[in-house]
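Participant: Positions 1 to 462 (full-length UniProt numbering) are the ones given, in order, by the sequence shown.
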Amino acid sequence: MTTSPVLDQLPAPATTGNGTPTTRPWRPTTPIRKSSQLERQFSTLTCYRDPTLNAIGDQITGCVVGPMPIADFLDTFLPASLIPCYQTTASCFQAGAFKQCIDTKDELGMYKPFITNMQPFSQHLHFVDSHAEGDLESGYTFTIKPDISVYSDTVTPCPPGCNSDLIEMHVEFKRYNWDNPFFLPKSLKSPEQPGQEAQEVEPFVGSTPNKINMLGQIGAYAAAQLGSQFHMHCFSIFIMYDVACIIRWDREGTIVTEPIYYNTKPELAEFFSRFSQASPALRGVDTTVSLAPTWEAALAMDKLELPSLTPMFMTSIPGVRGSSTTIIFPRCDVSPTTPACRGTRTTPAYDLAGDRVVFFKDSWCIKADDILSEGQIYAELKAQNVPHVPICLACGDVDSLPVQRLQTSRFSMADWASITAHIHYRHLLDIVGKSLTSFSCTHELVQVVHDAVVGESIHALS
Numbered sequence: 001m002t003t004s005p006v007l008d009q010l011p012a013p014a015t016t017g018n019g020t021p022t023t024r025p026w027r028p029t030t031p032i033r034k035s036s037q038l039e040r041q042f043s044t045l046t047c048y049r050d051p052t053l054n055a056i057g058d059q060i061t062g063c064v065v066g067p068m069p070i071a072d073f074l075d076t077f078l079p080a081s082l083i084p085c086y087q088t089t090a091s092c093f094q095a096g097a098f099k100q101c102i103d104t105k106d107e108l109g110m111y112k113p114f115i116t117n118m119q120p121f122s123q124h125l126h127f128v129d130s131h132a133e134g135d136l137e138s139g140y141t142f143t144i145k146p147d148i149s150v151y152s153d154t155v156t157p158c159p160p161g162c163n164s165d166l167i168e169m170h171v172e173f174k175r176y177n178w179d180n181p182f183f184l185p186k187s188l189k190s191p192e193q194p195g196q197e198a199q200e201v202e203p204f205v206g207s208t209p210n211k212i213n214m215l216g217q218i219g220a221y222a223a224a225q226l227g228s229q230f231h232m233h234c235f236s237i238f239i240m241y242d243v244a245c246i247i248r249w250d251r252e253g254t255i256v257t258e259p260i261y262y263n264t265k266p267e268l269a270e271f272f273s274r275f276s277q278a279s280p281a282l283r284g285v286d287t288t289v290s291l292a293p294t295w296e297a298a299l300a301m302d303k304l305e306l307p308s309l310t311p312m313f314m315t316s317i318p319g320v321r322g323s324s325t326t327i328i329f330p331r332c333d334v335s336p337t338t339p340a341c342r343g344t345r346t347t348p349a350y351d352l353a354g355d356r357v358v359f360f361k362d363s364w365c366i367k368a369d370d371i372l373s374e375g376q377i378y379a380e381l382k383a384q385n386v387p388h389v390p391i392c393l394a395c396g397d398v399d400s401l402p403v404q405r406l407q408t409s410r411f412s413m414a415d416w417a418s419i420t421a422h423i424h425y426r427h428l429l430d431i432v433g434k435s436l437t438s439f440s441c442t443h444e445l446v447q448v449v450h451d452a453v454v455g456e457s458i459h460a461l462s
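(1) I'd like the list of long-range same chain contacts for Thr315, defined as Cβ closer than 7 Å, with 5 residues on each side in sequence excluded.
(2) For a test of the three-state rule: what should DSSP assign to Ser152, helix, strand or coil?
(3) Pull up the CB-CB distance for Pro181 and Gly206, whole angstroms please, since I reckon it's below 8 Å.
(4) According to the Cβ coordinates, are Cys365 and His427 closer than 8 Å?
(5) Using three-state DSSP, classify Met314 as helix, strand or coil.
(6) So Lys361 is in the alpha helix (DSSP H); what residue range does that whole segment cover?
(7) Given that a residue counts as buried once 16 or more other Cβ atoms are within 10 Å of its Cβ, and exposed if not, what is Glu197?
(8) Alpha carbon to alpha carbon, how far is Tyr262 from Ala95? Give it in angstroms, no decimals.
(9) I think Ile391 touches Asp430, with their Cβ atoms under 8 Å apart; what is that distance to the nearest whole Å?
(10) Tyr140 to Val334, Cα distance in whole Å?
(11) Pull up the distance between the alpha-carbon of Pro307 and that of Gly134, whole angstroms please.
(12) With a 10 Å radius around its C-beta and 16 neighbouring C-beta atoms as the bar for buried, classify Gly66 as buried or exposed.
(13) Can you find the residues in the same chain that come closer than 8 Å, C-beta to C-beta, to Thr346, ignoring five residues on each side of it along the sequence?
(14) Which residues in the same chain have their Cβ closer than 8 Å to the Cβ of Ala132, if we skip the five residues on either side of it in sequence?
(15) Within the stretch 217-305, note down every full beta strand (DSSP E) run reaching 3 residues or more, in order along the chain.
(16) Could you name the residues that DSSP lists as bridge partners for Ser60?
(17) For Ser457, does the count of other Cβ atoms within 10 angstroms reach 16, so buried, or fall short, so exposed?
(18) Based on the DSSP secondary-structure assignment, which residues constitute the bridge partners of Pro348?
(19) Which whole runs of the alpha helix (DSSP H) in the stretch 64-145 are 4 residues long or more, in chain order?
(20) Look at the Cβ atom of Arg251, then the Cβ atom of Cys395, and state whether they are nearer than 8 Å.
(21) Measure the CB-CB distance between Cys101 and Ile419 and report whether it falls below 8 Å.
(22) If you follow the beta strand (DSSP E) that Lys174 is part of, which residue opens it and which one closes it?
(23) Flag this pair as yes or no: are the beta carbons of Arg283 and Glu168 separated by less than 8 Å?
(24) Which ranges would you report for the alpha helix (DSSP H) in the stretch 413-443 if only whole runs of at least 4 residues count?
(25) Counting only the same chain and skipping the five closest in sequence on each side, list residues whose C-beta sits under 7 Å from that of Asp153.
(26) Rounded to whole angstroms, what's the CA-CA distance from Arg40 to Pro339? Just pull it up for me.
(27) So Asn54 and Gly219 are supposed to be a Cβ contact under 8 Å. How far apart are they, rounded?
(28) Output the boundary residues of the alpha helix (DSSP H) element that contains Ile377.
(29) First and last residue of the beta strand (DSSP E) that includes Cys392?
(30) So the candidates are Ala222, Met240 and Lys99; which of them puts its Cα closest to the Cα of residue 492?
(31) Across which residues does DSSP place Ile328 in a beta bridge pair?
(32) In whole angstroms, what separates the C-alpha of Leu136 from that of Met301?
(33) Tell me whether Ser36 sits in a helix, a strand or coil according to DSSP, three-state version.
(34) Taking Val398 as the reference, give the member of Arg356, Thr325 and Pro330 with the closest Cα.
(35) When DSSP labels each residue in this structure, what does Val448 get in the three-state scheme?
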């Protein structure tokens with residue numbers, strides 16, 4: 001990879017009892033803000049951060065790959081050749097286009113100028129200042145509040161704040177370098193050929209508490225989006241004063257671009273130009289899932305005993321000898337943890353052809369030759385006549401489009417980047433289980449435990 005000028009490496013500031021930084025800010029003209037607004041979840045002062053964000057940042061640290069040259073990033077993940085009739089809007093970019101954004105006195109003042117100046121390059125997107133109106137139903141114990149939430153212009157009415165169910169990407173701003181989780185390594189050696197391991201590649205994710213917390217914050221935003229929508233991946237933007245990084249998140253990890261000086265260079269404008277004209281597949285939408293037709297949705301809601309206005313979706317599960325099983329199911333959210341995880345979804349679903357209720361599981365499994373898939377395990381248990389085991393009706397890897405496949409492990413060449421390859425996998429079971437806490441009597445609970453013990457003992461002896 002080629003390198004670009006190294007960002008200023010200011011050390012993380014020491015903090016006093018009231019959380020006020022003791023060193024000068026990113027620019028001499030930027031005042032130190034001392035107010036109660038900083039004393040909340042998303043303050044980058046460690047003593048005010050939510051413990052969940054700290055944990056997310058720690059987990060993401062080993063899953064970050066980069067810095068990737070911006071030209072390679074755009075050509076790999078948003079190639080103009082895959083955008084029909086693409087016409088760049090970045091050709092009208094002029095140096096100094098975001099000067100008003102950079103010249104503001106504080107972070108809050110950057111949002112409106114950025115939205116105004118970026119809108120001409122993003123004709124099919126809506127930018128919303130969401131720093132004060134977050135998503136209360138993201139699944140976290142805290143409110144998701146990205147500085148700017150970006151929506152498609154097909155979303156009407158446009159949400160007034162952050163809505164993880166509908167958001168296309170988020171933009172986060174910071175003005176102090178001690179909040180910047182990314183920096184360019186002093187030495188960056190790239191392999192000459194694909195597959196060849198790079199030597200002595202240094203991590204470029206900061207290790208100070210402020211930097212880890214910042215990584216956890218933007219990671220929580222991405223995890224909420226991936227968990228609330230049917231997405232293979234998503235993008236976000238991190239802006240540090242006059243520098244921007246584009247980030248791609250998937251279930252394997254995170255790919256970050258080299259720094260973009262967005263006020264003098266057109267690459268960020270070109271990214272938004274391509275993204276605004278890109279297909280849903282390029283944007284990361286899981287195109288194997290679609291809204292169910294009205295009459296089929298109504299039938300499934302009746303079979304699943306769901307309210308009449310429940311949104312219903314449709315997908316197909318691979319079967320044997322090229323067959324597939326089509327199911328209708330309600331939205332099933334992922335418990336928000338980190339972006340890089342199995343992302344498991346489970347829910348009762350309706351099998352159209354079999355006219356029955358089945359159990360649907362969707363997850364990103366570890367990809368390894370010596371690991372059996374869940375479908376294979378169920379098949380082996382059945383072949384050994386192990387009792388009290390559900391029957392797997394259909395299973396297989398999701399046939400994703402090339403642009404939607406997990407990419408992070410492909411670009412991980414450094415020893416410090418602990419990226420584990422994953423693959424998207426789905427299966428159906430013939431029995432829908434219930435929570436152990438929902439038993440009707442103690443006999444039912446004891447019977448369940450008995451059946452599990454019998455099945456396990458027979459399997460161990462077989």
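Using N, Cα and C, we set each Cβ at its ideal position, and we do this for glycine too. These numbers come from a predicted model, not from an experiment.
Facilitator: In this structure, then:
(1) In the sequence shown, counting from the first residue as 1, residue 315 sits at position 315. Only Thr288, Val289 and Ile327 meet the Cβ criterion.
(2) One-based indexing of the sequence shown puts residue 152 at position 152. It is a strand residue.
(3) One-based indexing of the sequence shown puts residue 181 at position 181. One-based indexing of the sequence shown puts residue 206 at position 206. The C-beta distance from Pro181 to Gly206 rounds to 5 Å, short enough to meet the 8 Å contact threshold.
(4) The count along the sequence shown starts at 1 and reaches residue 365 at position 365. The count along the sequence shown starts at 1 and reaches residue 427 at position 427. Not a contact, by the Cβ cut-off of 8 Å.
(5) Indexing the sequence shown from 1 puts residue 314 at position 314. In the structure shown, Met314 sits in a strand (DSSP, three-state: E or B).
(6) Here the question's residue 361 lines up with position 361 in the sequence shown. According to the DSSP assignment, Lys361 belongs to no alpha helix (DSSP H) but to the beta strand (DSSP E) extending over Arg356 to Ile366.
(7) For the purposes of this step, residue 197 is identified with residue 197 of the sequence shown, where counting begins at 1. Because Glu197 sits at a pLDDT of 45, beneath the cut-off of 50, its placement in the model cannot be relied upon, and the following sentence gives the value as read from the coordinates. It counts as exposed.
(8) In the sequence shown, residue 95 corresponds to position 95, counting from 1. In the sequence shown, residue 262 corresponds to position 262, counting from 1. Roughly 9 Å separates the two Cα atoms.
(9) Counted from its first residue, the sequence shown places residue 391 at position 391. Counted from its first residue, the sequence shown places residue 430 at position 430. Confirmed, about 5 Å.
(10) One-based indexing of the sequence shown puts residue 140 at position 140. One-based indexing of the sequence shown puts residue 334 at position 334. Their Cα atoms are separated by approximately 11 Å.
(11) Looking up residue 307 in the sequence shown gives position 307. Looking up residue 134 in the sequence shown gives position 134. In a straight line, the C-alpha of Pro307 is about 27 Å away from that of Gly134.
(12) Taking the first residue of the sequence shown as position 1, residue 66 is located at position 66. Taking all protein chains shown into account, Gly66 has 16 or more neighbouring C-beta atoms within 10 Å of its C-beta and is therefore buried.
(13) The sequence position of residue 346 within the sequence shown is 346, counting from 1. Cys332, Phe359, Phe360, Lys361 and Asp362, listed in sequence order.
(14) Here the question's residue 132 lines up with position 132 in the sequence shown. Non-local beta-carbon contacts of Ala132 in its own chain, meaning distances under 8 Å to residues more than five positions away in sequence, involve Lys145 and Gly161 in chain order.
(15) Entirely contained in the stretch 217-305, the beta strand (DSSP E) runs reaching 3 residues are, in chain order, 233-240, 243-250 and 254-257.
(16) Taking the sequence shown and counting its residues from 1, the one referred to as residue 60 is at position 60. Correcting the residue identity first, residue 60 is Ile in this sequence and not Ser. Beta-bridge partners assigned by DSSP to Ile60: none are found.
(17) Numbered from its first residue, the sequence shown carries residue 457 at position 457. Exposed, since its Cβ has fewer than 16 Cβ neighbours within 10 Å.
(18) Start at 1 with the first residue of the sequence shown, and residue 348 comes out as number 348. According to DSSP, residue pairing for Pro348 in a beta bridge involves Phe359.
(19) Counting whole runs of 4 or more residues, the stretch 64-145 contains the alpha helix (DSSP H) stretches 70-77, 99-102 and 111-118.
(20) Sequence index remark: in the sequence shown, residue 251 carries index 251 (1-based). Sequence index remark: in the sequence shown, residue 395 carries index 395 (1-based). No, the pair does not count as a contact, with Cβ atoms beyond the cut-off.
(21) Start at 1 with the first residue of the sequence shown, and residue 101 comes out as number 101. Start at 1 with the first residue of the sequence shown, and residue 419 comes out as number 419. The Cβ atoms of Cys101 and Ile419 lie no closer than 8 Å to each other.
(22) Reading the sequence shown from its first residue, position 174 is the one you call residue 174. Boundaries of the beta strand (DSSP E) harbouring Lys174: Met169 to Lys174, taken from the DSSP string.
(23) Within the sequence shown, the letter at position 283 stands for residue 283. Within the sequence shown, the letter at position 168 stands for residue 168. Taking C-beta atoms as the reference points, Arg283 and Glu168 count as a pair closer than 8 Å.
(24) As summarised for the stretch 413-443, there are no continuous alpha helix (DSSP H) elements at least 4 residues long confined to that stretch.
(25) Sequence index remark: in the sequence shown, residue 153 carries index 153 (1-based). Result list for Asp153: His124, Leu125 and His126, in chain order.
(26) Residue mapping note: residue 40 aligns to position 40 of the sequence shown, counting from 1. Residue mapping note: residue 339 aligns to position 339 of the sequence shown, counting from 1. Confidence is the limiting factor: at Arg40 the pLDDT is only 40, short of 50, which leaves the residue's position unreliable and the question unanswerable from this model.
(27) Looking up residue 54 in the sequence shown gives position 54. Looking up residue 219 in the sequence shown gives position 219. With 8 Å as the limit, Asn54 and Gly219 do not qualify as a contact, their Cβ atoms being about 11 Å apart.
(28) Sequence index remark: in the sequence shown, residue 377 carries index 377 (1-based). It spans Glu374 to Ala383 - the alpha helix (DSSP H) in which Ile377 sits, taken as one unbroken run.
(29) By one-based count along the sequence shown, residue 392 stands at place 392. From DSSP, the beta strand (DSSP E) with Cys392 extends over Cys392 to Asp397.
(30) Residue 492 is absent from the model: the chain starts at 1 and stops at 462.
(31) Along the sequence shown, read from residue 1 onward, the residue named residue 328 stands at position 328. According to DSSP, which records beta bridges pairwise, Ile328 is partnered with Met314 and Tyr350.
(32) Position 136 of the sequence shown, counting from 1, holds the residue named residue 136. Position 301 of the sequence shown, counting from 1, holds the residue named residue 301. Linking Leu136 to Met301 through their CA atoms gives a straight-line distance of about 27 Å.
(33) As a working mapping, residue 36 is identified with position 36 in the sequence shown. Confidence at Ser36 is low in this model, with a pLDDT of 35, below 50, so its placement is unreliable and the value that follows should be read with caution. Looking at Ser36 - three-state DSSP - the assignment turns out to be helix.
(34) Numbered from 1 along the sequence shown, position 398 holds the residue referred to as residue 398. Relative to the Cα of Val398, the nearest Cα in the group Arg356, Thr325 and Pro330 belongs to Thr325.
(35) To locate residue 448, count along the sequence shown from 1; it is residue 448. It is helical.
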